[in-house]
Structures are given as C-alpha cells and as structure tokens.
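Remarks on the structure that follows.
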Ligand code: 5GP
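Residue numbers (our numbering): 1 to 204.
Next up, the structure:
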C-alpha cells in the first residue's frame, strides 16, 4: 500500500449508522474491507458486499489455518478480518476502510501503527440508538438489551480513538468524515505532493 493511502478503522456501537456511511463511500477512492461473519444476513445484506456469510465450522477452520488478521466473538457470533481481504485492498491504490468493534480496533493499532487512523462513530444519545435498533427491526428484546449493554461499554473507549464523530445528522457525519480524510492526507509524511516538492529541492 502506498504511504499516502490511509487505513481507516471505524468503530461504533451497532445501529449507530456506520454501514450507511461506509457502504456508500466513493468506490474509486475507498476500498471497504468485507469481514467474515457467522451471523445470518439481514434483509438487504449481500454476501461479498456487506459480509462474507459463512458457517461456524468454516469460521473455526479459517482460525485454525491462521487466515484472520483479527477476529472476535460478540453476541454469540464470530466476526473477523481475513488477511486475504487486506492483501486484496493493498493491491489497489485506494484508502482502506474497516468497520470493526473496539477489541479488533485495538489489535489493529499495534499491527498497522501510525499508518492507520481510528474513528469512533457515537450516537447522539443511548435512547436514539435504541430507537434506531428497534426501527431496524433486526433485534429481539434479548439481543436489543445485549447491543445496548455493549454500546455503553464501547462508548467508554471512545477517547482512545483519534477522532469521534457524533452521528446526529448523516450529511454532517459525511462532511466530518471527509474532513478527517483530507486533514490526514495533509500530514507531511503522507502528503505525496509535498514530498515531491521537497525532493525537487534536494532537502531529503
Ligand atoms: P453487526 O452484526 O451489527 O453487523 O456487527 C456487530 C459488530 O461487529 C459491529 O460493531 C461491527 O463493527 C463488528 N464487526 C464487523 N466485522 C468485524 C470484524 O471483522 N472484526 C471485528 N473485530 N469486528 C467486526
């Protein structure tokens, strides 16, 4: 992966609106890393676009073969980022975007180092998050409780991230996301135009 491409790790509670933001990023600039999961697809979710939906047995075999960069088990479901998915992304000249939960994100900080940026998407408040999960219609009373409990735990980690975006308005969230990308690209160690200029002056 070229130095001036970003690895953008996005985390946030389930139902906060990450998918709506990330699945619609311009595909000529952003490569969305598709995770493997053992949970069944929700209405409208496509294999290979939202997730690779595989069985528990297949997932365990992939762990056994050391095919994951990171994986977790949450809500009784396995989620993981396959090494092959990252390799595919690296072969393209695009920013890599990963949508993963907190534990996976902390693992990737040590793996990618300063090449990666970490963005936490937070709900305006927990009531709103609950409303969104209910409206989505994918949760039972039990799983709804679990997701809210986990959301509270995840929110405590938000200050560990490089950026926090409060998703109270999708257009504003998109603007802030692109502003972060633009700012990060201006950092001297990533700014390709700047590096060329320095080279031309023979400073480095
Ligand atoms: P959902 O079931 O709502 O699609 O996702 C539940 C949680 O799993 C979300 O917080 C999502 O970010 C996280 N997740 C999805 N894919 C991965 C992955 O590959 N690794 C990790 N660590 N978390 C993931």
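In this text, a Cβ means the ideal position worked out from N, Cα and C, and glycines have one as well.
Simplified DSSP assignment, three categories, for residue i
i, result
"residue 182", "helix"
"residue 201", "coil"
"residue 80", "strand"
"residue 45", "coil"
Member of the options whose CA lies at the smallest distance from the CA of residue i
i, options, result
"residue 42", "57, 130, 190, 138", "138"
"residue 30", "188, 45, 177, 194", "177"
"residue 120", "92, 21, 180, 164", "164"
"residue 280", "34, 88, 36, 129", "Residue 280 cannot be examined here, being either before or after the span of the chain that is shown, 1 to 204."
"residue 125", "16, 173, 4, 6", "16"
"residue 101", "118, 112, 92", "118"
"residue 49", "23, 162, 60, 65", "23"
Length of the line joining the Cα atoms of residue i and residue j
i, j, result
"residue 158", "residue 85", "26 Å"
"residue 103", "residue 202", "43 Å"
"residue 78", "residue 184", "32 Å"
"residue 54", "residue 38", "5 Å"
"residue 131", "residue 80", "27 Å"
heavy atom of the ligand 5GP below 6 Å from residue i C-beta
i, result
"residue 143", "no"
"residue 80", "yes"
"residue 128", "no"
"residue 101", "yes"
"residue 72", "yes"
"residue 110", "no"
"residue 104", "yes"
Supposed close pair residue i, residue j - CB separation, criterion 8 Å
i, j, result
"residue 67", "residue 83", "6 Å"
"residue 181", "residue 95", "7 Å"
"residue 33", "residue 97", "7 Å"
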